[in-house]
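Participant: Listed in order, the protein sequences are those of chains P and G. Under our numbering, think of the first position of the first sequence as 5, with each following residue one higher. Under our numbering, think of the first position of the second sequence as 5, with each following residue one higher. For glycine and all other residues, C-beta sits at the position ideal for the given N, C-alpha and C. Every value quoted in this text rests on a predicted model; they were computed, and no experiment measured them. Handing you this structure, nothing more for now.
2 protein chains.
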Amino acid sequence: MTTQPPAGYAYGSTPPSPVSRDELAKLEATVLFTADDVQDLRMAGDVLEDQVEDILDVWYGFVASHPHLVAYFATPDGRVLDDYLARVRQRFGQWIMDTCHRPHDEEWLSYAHEIGLRHTQDKKNQTDQAASVRHIPLRYMVAFIYPITATIRPFLANKGHDEGTVERMYQAWFKSVTLQTALWLQPYAADTW
Amino acid sequence: MTTQPPAGYAYGSTPPSPVSRDELAKLEATVLFTADDVQDLRMAGDVLEDQVEDILDVWYGFVASHPHLVAYFATPDGRVLDDYLARVRQRFGQWIMDTCHRPHDEEWLSYAHEIGLRHTQDKKNQTDQAASVRHIPLRYMVAFIYPITATIRPFLANKGHDEGTVERMYQAWFKSVTLQTALWLQPYAADTW
Numbered sequence: 005m006t007t008q009p010p011a012g013y014a015y016g017s018t019p020p021s022p023v024s025r026d027e028l029a030k031l032e033a034t035v036l037f038t039a040d041d042v043q044d045l046r047m048a049g050d051v052l053e054d055q056v057e058d059i060l061d062v063w064y065g066f067v068a069s070h071p072h073l074v075a076y077f078a079t080p081d082g083r084v085l086d087d088y089l090a091r092v093r094q095r096f097g098q099w100i101m102d103t104c105h106r107p108h109d110e111e112w113l114s115y116a117h118e119i120g121l122r123h124t125q126d127k128k129n130q131t132d133q134a135a136s137v138r139h140i141p142l143r144y145m146v147a148f149i150y151p152i153t154a155t156i157r158p159f160l161a162n163k164g165h166d167e168g169t170v171e172r173m174y175q176a177w178f179k180s181v182t183l184q185t186a187l188w189l190q191p192y193a194a195d196t197w
Numbered sequence: 005m006t007t008q009p010p011a012g013y014a015y016g017s018t019p020p021s022p023v024s025r026d027e028l029a030k031l032e033a034t035v036l037f038t039a040d041d042v043q044d045l046r047m048a049g050d051v052l053e054d055q056v057e058d059i060l061d062v063w064y065g066f067v068a069s070h071p072h073l074v075a076y077f078a079t080p081d082g083r084v085l086d087d088y089l090a091r092v093r094q095r096f097g098q099w100i101m102d103t104c105h106r107p108h109d110e111e112w113l114s115y116a117h118e119i120g121l122r123h124t125q126d127k128k129n130q131t132d133q134a135a136s137v138r139h140i141p142l143r144y145m146v147a148f149i150y151p152i153t154a155t156i157r158p159f160l161a162n163k164g165h166d167e168g169t170v171e172r173m174y175q176a177w178f179k180s181v182t183l184q185t186a187l188w189l190q191p192y193a194a195d196t197w
C-alpha cells in the first residue's frame, strides 16, 4: 500500500448520508454485527494489510476474465480503460483497510453513501473523468457479495491463526460486506430502500 | 414437511420473468455458480430435508426477537399477524427445498420474480390477505443474505459429512442465496437493476 491517499478518495469530506444512525443500527442487528465483529475486523486488517495487492490481483483477475464485468471499466463500445481500472484499484485497496479499521460513525455512513453514488448514474465515472458506461446495475452490486466474501478467506488464513479465529474474521468480513452493500444500494432505489 | 403444497405456493403457474436467461447466466458467473454447485445443493437438500422445521425455528426466532423485523409480519400499528406468519412459514420451508432441488430454468426464474414481487408494494400481503405493512424495504432483503446463509451451516454439518463436503454445500447455498436475492430485487428497482 502506498502511503499517499488514493486519487479521488474523499473519506471525511462527503455530505451527510440520507441513512440515519437508527437505520444503520437496525441493519447491523439484521446482519448480527456486534462489538466482537469490530475486534475481529481489526485483527483482519492486521492480517490483510500486507496482502492487499495480492487480494486486488485476485479480484481484478476475476473481473478481467469476465467480459460482462470488465465492461463496467470500458467505454460503451468496449475499449477497456486502463487508467480508470488503476485509479479504482487504489481506492478498492483503501476500502479493504477502511472495512477493517473505520468505526461505523457518521463519516463512515457518509462515505458508504458516496461509494454507492459512484456506482450509479449520479456519479459513476465523475471522480476519474472516465469515458465508461453510465452505471453498474444493482444486480451486480448484490452478486459481488459472493466473490468479495469468499475470496478473502484464504488471505485471512495466511498468517497462522487457528481455524476458529480465521472463521471469526471471515464472518465479520461477510457481515460487513453485506451491510455495506445494503447501504450502497440506497441511491439505486431511494423510494423502496 | 407436509406433503400438501403450501397455501399460496404458485410454482409453475406464474408469468414469465422480465429477467432473461442470458442475464441469469451472467449473474451465475458473477457468483461463481457452476454445475458442481447444482450437485452440492442437491446433497444439501437431502441433508436439510428432515431439518426444515428446525431451520425455520431458528429463522423465525431471529425475526421474532427483533421488533424492527417482526414489524413486517404485523399491522402498521404493530399487531403481529400469526396466521400470516404461519402461512409464510410453510412457503419458506418449501423455498429451502426448492433452493436445493429446482433447476435454474424459466419456471425457476419466473417464481424468483414472483417471490420478489411478494415483498414489494406490488404484491406483499395479497397472497395471504394479510393486513400488514405495504412492503419490505430493499435494504433488509440484502441484509438477510447474512443470517439466511450463516445459520444454515450447522444444519449442513448435522449428518456426518466431512468438513470439506459441508463447506462445499455451504458455499453452494451462499451462492444461491446471493443470486436469488439479486433476482428478487428486480421489481424493487426495475430502472437501475
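Please report the residue range of the alpha helix (DSSP H) in which G/Glu110 lies.
Facilitator: Taken as a continuous stretch (DSSP letters only), the alpha helix (DSSP H) holding G/Glu110 covers 110-121.
Participant: Under the rule that 16 or more other beta-carbon atoms within 10 Å means buried, what is P/Pro9, buried or exposed?
Facilitator: It is exposed - the Cβ of P/Pro9 has fewer than 16 other Cβ atoms within 10 Å.
Participant: For P/Gln125, which residues from the same chain have a beta carbon less than 8 Å from its beta carbon, with the 5 sequence-adjacent residues on both sides left out?
Facilitator: Arg138, His139.
Participant: Any chance you could list the alpha helix (DSSP H) runs of at least 4 consecutive residues sitting entirely within the stretch 75-106 of chain G, in chain order?
Facilitator: If we require 4 residues or more, the alpha helix (DSSP H) runs fully inside the stretch 75-106 of chain G come out as 86-105.
Participant: Quick check for students: name the residue ranges of the alpha helix (DSSP H) that lie wholly in the stretch 127-196 of chain P, counting only runs of 4 or more.
Facilitator: DSSP runs (the alpha helix (DSSP H)) wholly in the stretch 127-196 of chain P: 142-147, 149-154, 157-160, 167-188.
Participant: Go through its chain and collect everything with a Cβ distance to P/Gln98's Cβ below 7 Å, but skip five positions before and after it.
Facilitator: Same-chain partners within the cutoff: Pro10, Tyr13.
Participant: Taking Cβ positions, are P/Ala193 and G/Ala193 nearer each other than 8 Å?
Facilitator: It is a contact, given that the beta carbons lie within the stated cut-off.
Participant: Decide if P/Ala176 is buried, meaning its Cβ has at least 16 other Cβ atoms within 10 Å, or exposed.
Facilitator: By the 10 Å Cβ count, P/Ala176 comes out buried.
Participant: Run through DSSP, which three-state label would G/Met5 get?
Facilitator: Note that G/Met5 scores a pLDDT of 49, beneath 50, so its modelled location is shaky; the value from the coordinates is reported in the next line. Reduced to three states, the DSSP call for G/Met5 is coil.
Participant: Less than 8 Å between CB atoms is the rule here; does P/Trp63 satisfy it with respect to chain G?
Facilitator: Chain G contact via Cβ: absent.
Participant: My output table needs one value for P/Pro71: the three-state DSSP class, helix, strand or coil.
Facilitator: The answer is helix: DSSP assigns P/Pro71 an H, G or I state.
Participant: Could you tell me whether the Cβ of P/His117 comes closer than 8 Å to any Cβ of chain G?
Facilitator: No - not a single Cβ of chain G is within 8 Å of the one on P/His117.
Participant: Any Cβ of chain G within less than 8 Å of the Cβ of P/Trp99?
Facilitator: No - not a single Cβ of chain G is within 8 Å of the one on P/Trp99.
Participant: Taking Cβ-Cβ distances below 8 Å as the criterion, which residues of the stretch 72-104 of chain P are in contact with chain G?
Facilitator: For the stretch 72-104 of chain P, which is checked against every Cβ of chain G, the residues closer than 8 Å are His72, Leu73.
Participant: To the nearest angstrom, how far is it from the Cα of P/Tyr144 to the Cα of G/Thr34?
Facilitator: So the alpha carbons of these two residues sit roughly 8 Å apart.
Participant: Just the Cα atoms here: how many angstroms apart are G/Val181 and G/Phe148?
Facilitator: Each residue's alpha carbon lies about 9 Å from the other.
Participant: Which first and last residues belong to the alpha helix (DSSP H) in which P/Leu31 is found?
Facilitator: Looking at the DSSP string, the run of the alpha helix (DSSP H) that includes P/Leu31 is 25-34.
Participant: Just to confirm, is the Cβ distance from P/Gly16 to P/Cys104 under 8 Å?
Facilitator: Contact flag unset, no.
Participant: With a cut-off of 8 Å, does the C-beta of P/Ala68 fall near any C-beta of chain G?
Facilitator: Answer no: the Cβ-Cβ gap between P/Ala68 and chain G never drops below 8 Å.
Participant: Using only alpha-carbon positions, find the residue among G/Asp195, G/Ala186, G/Asp109, G/Thr153 that is nearest to G/Arg25.
Facilitator: That would be G/Asp109, whose Cα lies nearest to the Cα of G/Arg25.
Participant: Output yes if chain G places a C-beta closer than 8 Å to the C-beta of P/Val170; else output no.
Facilitator: For P/Val170, the answer is no, since every Cβ of chain G falls outside 8 Å of its Cβ.
Participant: Is DSSP giving G/Gly49 helix, strand or coil here?
Facilitator: Of the three classes helix, strand and coil, the one that applies to G/Gly49 here is helix, per DSSP.
Participant: Along chain G, which residues have their Cβ under 8 Å away from the Cβ of P/Trp197?
Facilitator: In chain order: Pro141, Leu142, Arg143.
Participant: Hey, P/Ile189 and P/Gly120: beta-carbon distance below 8 Å or not?
Facilitator: According to the sequence shown, residue 189 of chain P is Leu rather than Ile. Yes, the Cβ-Cβ distance between P/Leu189 and P/Gly120 is below 8 Å.
Participant: Can you check which of these residues, G/Leu142, G/Thr155, G/Ile100, is closest to G/Arg46 by C-alpha distance?
Facilitator: Nearest of G/Leu142, G/Thr155, G/Ile100 to G/Arg46, Cα basis: G/Ile100.
Participant: Mind checking if G/Phe148 is an interface residue toward chain P, Cβ cutoff 8 Å exclusive?
Facilitator: By this cut-off, G/Phe148 is an interface position.
Participant: Nearest CA to the CA of G/Thr155: which residue from G/Thr38, G/Leu36, G/Val56?
Facilitator: The shortest Cα separation from G/Thr155 among G/Thr38, G/Leu36, G/Val56 belongs to G/Val56.
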